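Asker:
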Amino acid sequence: MSAGISRSGKPAVVAHRGASGELAEHTLAAYELALSQGADGLECDVRLTADGELVCIHDRTIDRTSDASGVVSEMSLAQLREYDFGSWHRSGRAASVLTLRELLTLTLDWHRPVRLFIETKHPVRFGSMVELKLLEVLHEFGVAAPPSADHSRAVVISFSPAGVWRVRRTAPILPTILLGDSIRIIGGTAATAVGATGVGPSIETLRLHPDLVDRAAAAGRVTYAWTCDDQADVQLCADLGVRWLATNYPARVRDWLVTV
Ligand code: G3P
Ligand code: CA
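Numbers given in the working numbering equal positions in the sequence shown, counted from 1, plus 277.
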């Protein structure tokens with residue numbers, strides 16, 4: 278079976294920042310919980326530290342998700358390791374910063390195939406450095422050149438057409454998803470121009486433009502919808518033929534999918 282592909286033809290479930298509705302986002306515990314709940318895929322955001330390591334952090338700063346403050350790109354990994362990235366959350370569990378390498382290890386060592394959706398943040402500001410580092414790490418883990426897109430264990434996702442294009446140029450088999458809410462970009466020629474294998478509208482955009490899924494399929498692209506935490510949205514994604522559905526609550530979404 279392809280990595281993380283739903284057996285049923287229903288949307289496959291991607292844990293957005295881990296099971297982040299229950300535990301602190303981007304922590305090892307949140308990803309382990311998502312995997313134990315049966316998630317088909319994991320989503321993470323990656324940023325470069327001052328010393329060139331990729332860490333799983335959504336915001337530009339660590340202020341919201343740690344017990345400290347500062348800009349990620351101005352801090353070293355060793356500095357980030359001094360802080361607690363879990364206790365801010367209502368679950369109250371202390372946690373270290375998570376590196377992409379640590380998350381890849383968890384994903385690839387899991388006892389069933391799981392796919393990791395890696396979102397590059399602010400690739401314009403860093404030029405091509407984020408993608409270069411990401412491809413270096415994926416190469417190191419042996420997942421940069423999968424036998425086919427369907428069997429890839431990693432998917433690079435980005436709001437930046439330039440970022441997607443850089444990945445496609447260097448790693449042509451690696452699946453890529455162009456995220457966005459602009460119909461012009463994800464429904465039109467931009468996704469084709471950069472060679473994205475999928476498009477990623479928000480669920481709000483998909484509610485307004487449900488035809489996006491068929492348009493993507495007609496162009497040979499899959500649809501990845503984010504972030505679907507309501508049962509009606511999960512039903513909509515199933516009805517439309519969305520391939521990947523990102524949620525903060527993988528356990529409850531998997532339950533809902535049983536009946537769609
Ligand atoms: O999975 C895509 C989604 O995560 C994009 O939005 O802000 O949560 O990274 P954001
Ligand atoms: Ca993200």
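Beta carbons are placed, not taken as given, at the ideal position from N, Cα and C, and that holds for glycine. Treat the numbers as computed from the prediction; the structure is a model and nothing was measured.
Check this for me: beta carbons of residue 436 and residue 523, under 9 Å apart or not?
Answerer: The answer is no: Cβ separation not under 9 Å.
Asker: Here's the rule I'm using: 16 or more other beta-carbon atoms within 10 Å means buried, otherwise exposed. How should residue 319 be labelled?
Answerer: buried
Asker: Output needed for residue 492: all residues of its chain with C-beta closer than 7 Å, excluding positions within five of it in sequence on either side, in chain order.
Answerer: 464
Asker: What are the start and end residues of each continuous beta strand (DSSP E) run of 3 or more residues lying completely inside the region 322–372, in chain order?
Answerer: 331–333
Asker: Which residue's Cα is closest to the Cα of residue 291: 449, 399 and 500?
Answerer: The option with the nearest alpha carbon to residue 291 is 500.
Asker: With DSSP collapsed to three states, give me the class of residue 501.
Answerer: strand
Asker: Under a Cβ-count criterion, where at least 16 other Cβ atoms within 10 Å of its own Cβ denotes burial, should residue 329 be classed as buried or exposed?
Answerer: exposed
Asker: Residue range of the alpha helix (DSSP H) that residue 312 falls in?
Answerer: 305–313
Asker: With a threshold of 8 Å, are at least 3 pairs of Cβ atoms found where one atom belongs to the region 414–423 and the other to the region 356–374?
Answerer: no
Asker: Less than 8 Å separating the Cβ of residue 506 from some heavy atom of ligand 2?
Answerer: no
Asker: By a C-beta neighbour count over all protein chains shown, 10 Å radius and 16 as the cutoff for buried, is residue 392 buried or exposed?
Answerer: buried
Asker: Are there 16 or more other CB atoms within 10 angstroms of the CB of residue 466, so buried, or fewer, so exposed?
Answerer: exposed
Asker: Let's test the definition: count the other Cβ atoms within 10 Å of the Cβ of residue 313 and tell me whether it reaches 16, buried, or not, exposed.
Answerer: exposed
Asker: Give the single residue among 490, 452, 450 and 474 whose Cα lies nearest to the Cα of residue 460.
Answerer: Ranked by Cα distance from residue 460, the first of 490, 452, 450 and 474 is 490.
Asker: From 504, 517, 518 and 354, pick the residue whose C-alpha is nearest to that of residue 527; which is it?
Answerer: Cα-wise, what sits closest to residue 527 is 504.
Asker: Please report how far the alpha carbon of residue 438 lies from the alpha carbon of residue 307, in whole angstroms.
Answerer: 29 Å
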